[in-house]
Amino acid sequence: VKATIEKLGGKLTGTANKASLCISTKKEVDKMNKKMEEVKEANIRVVS
1420 VKATIEKLGG
1430 KLTGTANKAS
1440 LCISTKKEVD
1450 KMNKKMEEVK
1460 EANIRVVS
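One point on numbering: in the numbering used here, the residue at position 10 of the sequence shown is 1429, and numbering is uninterrupted.
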């Protein structure tokens, strides 16, 4: 996945406040762990 994102001009980041989009699974979104909480608080769009 990382190679495809970078090939298309995207960049992976480890912090939610630097992201403009979050790609995740529905299961991870439903779990609402700490990372997903950060994504939600930063109003970042999630694609699953």
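C-beta atoms are modelled at their ideal positions from N, C-alpha and C, and glycine is treated no differently.
With distance defined between alpha-carbon atoms, name the residue in the options nearest to residue i.
i       : options                      : result
Arg1464 : Thr1432, Lys1453 and Ser1443 : Ser1443
Taking the alpha helix (DSSP H) that residue i falls in, what are its first and last residues?
i       : result
Ile1424 : Lys1421 to Lys1426
Lys1494 : There is simply no residue 1494 to check, as the chain begins at 1420 and stops at 1467 in what is shown.
Just curious, the beta strand (DSSP E) that residue i is in, first and last residue?
i       : result
Leu1440 : Leu1440 to Ile1442
Is the CB-CB distance between residue i and residue j below 8 angstroms?
i       : j       : result
Leu1440 : Val1466 : yes
What's the gap between the Cα of residue i and the Cα of residue j?
i       : j       : result
Lys1450 : Lys1459 : 13 angstroms
Thr1423 : Thr1434 : 20 angstroms
Ala1438 : Lys1445 : 19 angstroms
Glu1447 : Lys1453 : 10 angstroms
State yes or no: is the beta carbon of residue i nearer than 8 angstroms to at least one beta carbon in chain D?
i       : result
Val1420 : Note that chain D does not occur in the displayed structure, where there is just one protein chain.
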